[in-house]
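Protein chains in written order, with the working numbering: chain R, 1 to 427; chain B, 1001 to 1478. One structure below.
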Ligand SMILES: Cc1cc2nc3c(=O)[nH]c(=O)nc-3n(C[C@H](O)[C@H](O)[C@H](O)COP(=O)(O)OP(=O)(O)OC[C@H]3O[C@@H](n4cnc5c(N)ncnc54)[C@H](O)[C@@H]3O)c2cc1C
């Protein structure tokens, strides 16, 4: 009987997810509880186990695809008689026969039935995300050893995703990430507490590691005098509030960044290594990093270049509120072309942000502080108290050079220092 | 956390302090999680400690002494008739339990696991109400249900404390040594407790619906035990049902219906051991997304997760082999899964032991299971009459058998009937879990003279002859 496996309700109001990896292929035997797919929701990456034992007939999804709760992901032949065939014998309720292992299964081809391997080896395979049934066993009569599992994991960079492994040309191997040494027992030096590393935290860790290990970052710093802008902001704050928005410095920064990006197309871009091409994006969807109780999320304001400051102020306020309430939809988290992260609200000054992979750059803002500045008035230098804000831009040095960063920051600074120019850009 | 507060929060709530629950709680605490363990009893231990494994094995050891002393008479040592002192037996049992309960409580305290006495009932998928407890409500991030199981009472039968119709709990209370005892159910609980009472002097009658004892176990493994019970029990009725069971003033009246018609008989007491059902009712599960099957067992995946993401379940409450070590292993998996580790319950050889004399133990694939599932296997049998050690012990009726994958010689299962099977089975568990071959078992040295040699010799038979047995060609099971 062929049974359909649908995306189960993942709880916590999650209705959809993106397929991160597919661990099985058509024709492969699966056992109940074996991991079929890894799905990422806006809350976490989750592994989806098979509810059935049987043979995979069809895999209906591929990595990168967005799926909704209830959508059929995989069909499995369970070998059970369908109810209308005949009354199910009592034995049908029991687990289906574990097939005797075929010790000579060719490497890479999943074999059927329980794979001979010790409990410690099986655990290692789970930790490394290796599908045991694909590992050729070097031990007696096909026994899979711990060394076999390690060798398999090392040979295939994304062992966790046999689908990718099957098409070696799809992507160049990621730079080898060396396995870290085991941690010392910290409690030797004093009390410690261990808390689980999960959900959003883990997803963030994965993304940051990916970005940091793939993208050579360069960060440039620029100081921006926002004295006039702040006065302008205060003046117009009230009316915008009446419209349900919040006119913050971030709103101005978004608008200015989108405008400047139009003159720096390579910053609003992605590097497609596999295709050997640079993807220049002709749309300006800017992500804004929001620090929630659960962790960092980056909702996206679409078409910033086409929107007024008021519109952005209203939209951003809504996005931030939904982020805190964990109500953002997957759409609202996707499609960003460039990201803004403002540490100023938290009182942070300067930092070096990590690019939101696969974008090409990220802009960071610090807190605007009153500083003594030497300004020149009628050719005479004098000291003045000015409100200055640091702006940092991290770029992907594969796509861009330091000069691009400096150019972007200079234009961005000019715009924020002179609100008139910013307003002109709206015309 | 302050006791006496009406409402509390906890990171991991474990409901039920049996082997499944306390293993989950302890492992979670060891992984740095903050844990609260709720049980209706004041201390952890569950069915296993207070009315299951531990008291039954305490009595079975003494029963074996009695039977051994009697057997020694034919071998040159004569003891006087044993004097059974129920009061002394109860006191000893209480001491054993007390020692274990204290130990568990100390272990919980040292791990900072908060113990709460009370009955938990879900009011949502994020909180439970506590009945008869100092705290009214507990909110949790994760919960593990380990509420275990309860004895099944046939329709119209009620187990009263002190009543003559007893469940295993009543039988282990050992109110007296009844002159006659009717044991209903030829599973391991009925056989173990029947043997205890028979050794202590009761006339035991067994009634079983199926055609033999230990219906789930390979017939050849159950056979030596059956022969033994024929001498020990007053009567055994198979393919027989109890159609009426009535408690009277001084006895229990039972009407049995079997192949040879109906008989009515009176017994001093009756023990009903016809199985256990999951303790998942009255738990408020309908307020959560947790799903159960038709028999009430909670549905879980290999990471012990229920259909409700924050709630896991382990032990007897999820079914499968309802044994303490399976519950504990699942408890640890649940805790590790909560802590984000890639844990999974993937045991291939869950061992089971029946503590009768002779004992019966098995693990991994059984011969009858292989036949039912259509798996081709080769079976080798080493009868203990060829074992020097078994003969010295007067235990030559035993049997060791191996279930082997024909092409590879890989060991898929092991079965033992005989003395000390409880220890012998561990070698089989290791062999199956490690993917060992019959050749491995045949090649390693087993000390002489021990019963473990029977395992090495059973493996040798896979290749033809064993040192102490000229093999016929081993018989493929299909
Ligand atoms: C006579 C007998 C002999 C046995 N011998 C063996 C043996 O030799 N070896 C073996 O492996 N197994 C044996 N077993 C089986 C073994 O006892 C069980 O498999 C084991 O106890 C199951 O553990 P558990 O953690 O699932 O639940 P249990 O041990 O059943 O514990 C569940 C606990 O949860 C508590 N509880 C239930 N509902 C609630 C609630 N709503 N709120 C709070 N607390 C609750 C119960 O009071 C109980 O303390 C025996 C059983 C019996 C009856």
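Yeah, the Cβ is synthetic: ideal placement off N, Cα and C, and Gly gets one too.
Between residue i and chain B, is any beta-carbon pair separated by less than 8 Å?
i                      : result
residue 126 of chain R : yes
residue 3 of chain R   : no
residue 184 of chain R : no
residue 195 of chain R : yes
residue 295 of chain R : no
residue 206 of chain R : no
residue 122 of chain R : yes
residue 117 of chain R : yes
residue 299 of chain R : no
residue 33 of chain R  : yes
residue 136 of chain R : no
residue 140 of chain R : yes
residue 191 of chain R : no
residue 216 of chain R : no
residue 49 of chain R  : yes
With respect to the alpha helix (DSSP H) encompassing residue i, which residues constitute its N-terminal and C-terminal limits?
i                       : result
residue 234 of chain R  : 227-242
residue 130 of chain R  : Note, residue 130 of chain R: premise wrong, no alpha helix (DSSP H); not H, not E.
residue 1429 of chain B : 1421-1434
residue 1063 of chain B : 1053-1072
residue 197 of chain R  : From DSSP, residue 197 of chain R is part of no alpha helix (DSSP H); its letter is neither H nor E.
residue 1331 of chain B : 1324-1338
Using a Cβ cut-off of 7 Å, pull out every chain D residue sitting near residue i, in sequence order please.
i                      : result
residue 143 of chain R : The structure shown contains no chain D; its protein chains are R and B.
Quick one: give me the first and last residue of the beta strand (DSSP E) that residue i is part of.
i                       : result
residue 1406 of chain B : Where residue 1406 of chain B is concerned, there is no enclosing beta strand (DSSP E), given that its DSSP letter is neither H nor E.
residue 1383 of chain B : 1378-1383
residue 390 of chain R  : 380-396
residue 1131 of chain B : 1127-1131
residue 6 of chain R    : 2-6
If we define contact as Cβ-Cβ less than 8 Å, is residue i a contact residue for chain R?
i                       : result
residue 1408 of chain B : yes
residue 1071 of chain B : no
residue 1031 of chain B : yes
residue 1091 of chain B : no
residue 1351 of chain B : no
residue 1339 of chain B : yes
residue 1348 of chain B : yes
residue 1342 of chain B : yes
residue 1176 of chain B : no
residue 1023 of chain B : no
residue 1302 of chain B : yes
Below 8 Å on the Cβ atoms is my guess for residue i versus residue j; work out the distance and round it to an integer in Å.
i                       : j                       : result
residue 1308 of chain B : residue 1280 of chain B : That pair is no contact at about 13 Å.
residue 1462 of chain B : residue 1404 of chain B : 6 Å
residue 1324 of chain B : residue 1053 of chain B : 5 Å
residue 1208 of chain B : residue 1238 of chain B : 5 Å
residue 1148 of chain B : residue 1046 of chain B : 6 Å
residue 1358 of chain B : residue 1395 of chain B : 7 Å
residue 288 of chain R  : residue 329 of chain R  : Contact doesn't hold; Cβ gap of about 16 Å is too wide.
residue 402 of chain R  : residue 218 of chain R  : 6 Å
residue 247 of chain R  : residue 153 of chain R  : Rounded, the Cβ-Cβ distance is 52 Å, inconsistent with contact.
residue 252 of chain R  : residue 229 of chain R  : 6 Å
residue 55 of chain R   : residue 33 of chain R   : In fact, because the Cβ distance is near 16 Å, the residues do not count as touching under 8 Å.
Given a threshold of 16 other Cβ atoms within 10 Å of its Cβ, counted over all protein chains shown, does residue i qualify as buried or as exposed?
i                       : result
residue 393 of chain R  : buried
residue 1007 of chain B : exposed
residue 1457 of chain B : buried
residue 68 of chain R   : exposed
residue 1103 of chain B : exposed
residue 52 of chain R   : buried
residue 1269 of chain B : buried
residue 1455 of chain B : buried
residue 1372 of chain B : exposed
residue 297 of chain R  : buried
residue 1167 of chain B : buried
Every unbroken alpha helix (DSSP H) within the region 305-377 of chain R, with a cutoff of 4 residues, ordered by chain: 309-324 and 330-333
Inside the region 1295-1322 of chain B only - beta strand (DSSP E) runs reaching at least 3 residues: 1311-1313
3-residue-minimum beta strand (DSSP E) runs that sit fully inside the region 1192-1278 of chain B, ordered along the chain: 1203-1207, 1235-1237, 1241-1247, 1252-1258, 1261-1267, 1269-1272 and 1276-1278
Ranges of the alpha helix (DSSP H) found wholly within the region 1086-1144 of chain B, counting only runs of at least 4: 1086-1110
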